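First residue of the sequence shown? That's 437 in my numbering, and the numbers climb one at a time after it. Here the structure comes first, spelled out in structure tokens, and everything after it is commentary.
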Amino acid sequence: MKKTIYMDYSATTPVLKEVAAEMMPYFTEFYGNPASIYTLSNESKMAIDDAKITIAKIINCKPQEVFFTSGGSEGDSWSIIGSAFANRNKGKHIITTEIEHHAVLNCCKFLEKEGFEITYLKVDSNGFVSIDDLKKSIRKDTILVSIMMANNEIGTIEPVKEIGAFLKEKNITFHTDAVQAAGHIKIDVEEINVDLLSLAAHKFYGPKGVGILYIRKGTKIDNIIYGGQQQRGRRGGTENVPGIVGIAKALKIVNDELEKENERETVLRNLFIEKSLEIPNVKLNGILNEKRLSNNINLCFNEKDGEGILFKLDMEGICASAGSACQAGAMDASHVLTAIGLSKEEARSSIRFTIGKFTTEEEILYVVNKLKELTS
Ligand SMILES: *Cc1c(COP(=O)(O)O)cnc(C)c1O
């Protein structure tokens with residue numbers, strides 16, 4: 437088998453050895469249920485409390501505002517469905533964007549069936565939402581705004597700080613999907629004035645199946661997972677203790693290395709883009725400046741079938757994705773790429789490469805050369 441060159445870090449990341457090592461004892465040694473009263477369980481309880489403290493310091497909140505979920509989709513679902521139902525006597529209008537992850541969009545679709553009205557904000561040709569459009573779409577009965585911190589397909593970083601400042605003034609609940617931001621953008625919930633913020637460990641070198649939902653004290657939100665009194669009665673279910681230990685450790689590592697790693701990835705990303713634009717008829721989707729995630733490359737291979745190129749790349753051991761990973765295998769053109777103005781054909785001929793901690797310059801040059809070969 438050929439050596440794997442992994443360029444799909446936005447789909448998921450490998451778990452760091454340090455993270456896995458930190459988790460290990462909580463599988464085999466400290467396996468007590470954190471809700472139990474005997475001494476064995478203290479280790480589990482303490483591990484959860486420590487994780488909350490670590491996370492709270494990094495995102496600038498109180499440990500009691502940190503909740504653990506099963507990942508990004510649950511954090512988004514809890515935020516959107518939970519706050520819609522908690523505020524339904526106040527209003528039924530929700531604002532989001534056309535380029536959100538399906539975890540957000542499909543919650544909105546569900547709520548439409550429940551009688552809520554959703555405004556899907558359009559974005560410009562680089563994927564930015566306009567604050568003016570947001571201001572114009574606010575109604576008396578607007579109860580929630582959900583706008584992502586950074587887009588998973590084209591890496592566009594949205595102006596969440598301005599959005600948060602405006603919504604705070606209006607007293608409207610603000611949720612942001614920060615799943616792609618972690619490890620790339622400093623997350624400070626006070627600076628953004630956000631009420632709900634979701635994260636997923638497996639997008640930043642932690643384990644799959646665990647996430648964080650930050651819930652600002654005082655935010656009206658219903659439960660969506662029912663069960664016991666875990667997590668202060670707000671999310672039933674025995675906590676995923678090893679996962680919680682892992683997510684805290686991973687967040688600490690990526691946060692400590694954020695600036696250095698961003699700088700490194702920016703150089704590699706720019707090299708990838710510069711070299712691949714030498715291929716005839718190749719175009720970059722999205723913007724190329726500091727408002728793009730440092731690890732995102734999304735290219736349109738005009739007229740060529742993206743899935744076909746992906747298949748050939750796979751034969752060479754190269755992992756990348758067509759449109760968004762969640763649509764791999766699906767025939768639909770990416771909703772993000774069509775929202776920024778690409779035709780369905782252009783969207784279908786686009787490929788996303790996302791680099792990360794273990795990507796080298798050698799790999800970049802190798803992949804671009806393969807692309808040249810495969811598309812000529
Ligand atoms: C991956 C992703 C999600 C979903 O996270 P899961 O942990 O896979 O449920 C949500 N939003 C964005 C932006 C993502 O990239």
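Here a beta-carbon is modelled for each residue, glycine too, at the ideal position from N, C-alpha and C. On a predicted model such as this, the values are computed, not experimentally measured, just so you know.
### Query
What does the shell around ligand 1 hold, if a residue joins when its beta-carbon is under 5 Å from any heavy atom?
Residues with a Cβ closer than 5 Å to any heavy atom of ligand 1, in chain order: G507, G508, S509, H537, A539, N588, D613, V615, Q616, A636.
#### Entry: Chain-order list of residues whose beta-carbon lies under 6 Å from that of N587 (same chain, five-residue window excluded)
So the list reads I535, G563, once near-sequence residues are dropped.
### Counted within 10 angstroms of its Cβ, other Cβ atoms place G518 as buried (16 or more) or exposed
By the neighbour-count rule (16 or more Cβ atoms within 10 Å), G518 is buried.
### Message
Going by beta-carbon coordinates alone, are V615 and K639 separated by less than 8 Å?
### Response
A contact, by the Cβ cut-off of 8 Å.
#### Entry: DSSP bridge partner residues for K685 (one or two, in chain order)
DSSP, once it has assigned bridges, lists no residue as partnering K685.
### Query
Between which two residues does the beta strand (DSSP E) harbouring E553 extend?
First-last of the beta strand (DSSP E) with E553: 553 to 557.
### Inter-residue CB distance, L778 and N721 (contact presumed, cutoff 8 Å)
About 7 Å separates the two Cβ atoms, so the contact holds.
### Query
Going along the chain, which unbroken runs of the beta strand (DSSP E) with 3 or more residues stay wholly within the segment 557 to 592?
Taken in chain order, the whole beta strand (DSSP E) runs of length 3 or more contained in the segment 557 to 592 are 578 to 582.
### Query
Taking all protein chains shown into account, do 16 or more other C-beta atoms lie within 10 angstroms of the C-beta of M482, making it buried, or fewer, making it exposed?
Exposed, because fewer than 16 other Cβ atoms sit within 10 Å of the Cβ of M482.
### Query
Does the Cβ-Cβ distance between H620 and N706 come in under 8 Å?
With respect to N706, H620 sits apart: the two C-beta atoms are not nearer than 8 Å.
### Task
Could you tell me which of I593, T555, E589, S561 sits nearest to D577, measuring between CA atoms?
Distance check between D577 and each of I593, T555, E589, S561 places T555 closest, using alpha-carbon atoms only.
### Message
Based on DSSP bridge pairs, tell me the residues matched to N732.
### Response
In DSSP, N732 forms a bridge with T790.
### Identity of the residue in K528, I628, T592, E594 nearest K604 by Cα
Considering only K528, I628, T592, E594, the residue with the shortest C-alpha distance to K604 is I628.
#### Entry: Rounded straight-line distance, which links the Cα of R524 to that of K549
One C-alpha to the other measures close to 14 Å.
### Task
Report buried or exposed for Y641, applying the criterion of at least 16 other Cβ atoms within 10 angstroms of its Cβ.
With 16 or more other Cβ atoms within 10 Å, it is buried.
### Query
Looking at V681 and E458, is the spacing between their C-beta atoms short of 8 Å?
Yes.
### Message
I'd like the list of long-range same chain contacts for I673, defined as Cβ closer than 7 Å, with 5 residues on each side in sequence excluded.
### Response
Looking at the sequence provided, one finds Gly at residue 673 rather than Ile. Its chain contains I661, G663, Q666 as the residues whose beta carbon lies nearer than 7 Å to that of G673, once the 5 sequence neighbours on both sides are disregarded; these appear in chain order.
### Message
I need the DSSP call for T505, collapsed to helix, strand or coil.
### Response
Strand.
### Query
Beta-carbon separation of S513 and C543 under 8 Å?
The criterion of a C-beta distance shorter than 8 Å is satisfied by S513 and C543.
### Query
Which parts of the segment 632 to 679 are runs of the alpha helix (DSSP H), unbroken and 4 residues or longer, counting only runs that do not cross its ends?
Segments of the alpha helix (DSSP H) lying fully in the segment 632 to 679: 666 to 669.
#### Entry: Same chain only: Cβ atoms within 8 Å of L547, ignoring 5 sequence neighbours per side
If we look at L547 and ignore the five residues flanking it on each side, its Cβ neighbours are I516, I517, A520, I530, I554.
### Bounding residues of the alpha helix (DSSP H) (the contiguous stretch that carries K488)
476 to 495 is the extent of the alpha helix (DSSP H) around K488.
### Message
On the DSSP letters alone, give me the boundaries of the beta strand (DSSP E) that K719 sits inside.
### Response
718 to 720 is the extent of the beta strand (DSSP E) around K719.
### Query
By Cβ distance below 7 Å, which residues in the same chain neighbour L807 in space, the five residues on each side in sequence not counted?
Within the same chain, L807 has close Cβ partners S712, I715.
### Task
Kindly confirm or deny that the segment 441 to 453 and the segment 787 to 801 touch, where touching means at least three C-beta pairs closer than 8 Å.
Short answer: they touch.
### Query
Can you tell me whether DSSP reads Y467 as helix, strand or coil?
Coil, per DSSP.
### Message
Quick check on Q763: does DSSP put it in helix, strand or coil?
### Response
For Q763, the predicted structure reports a pLDDT of 49, less than 50, and the residue's modelled location is therefore unreliable. A value from the coordinates is still provided. Residue state, collapsed to three classes: helix.
#### Entry: Beta-carbon gap between H611 and L580 smaller than 8 Å
Going by C-beta atoms, H611 is nearer than 8 Å to L580.
### Task
Taking only the alpha-carbon atoms, compute the straight-line gap between A761 and L746 and give it to the nearest angstrom.
The pLDDT assigned to A761 is 46, lower than 50, so where the model puts this residue is not dependable, and the model offers no usable value.
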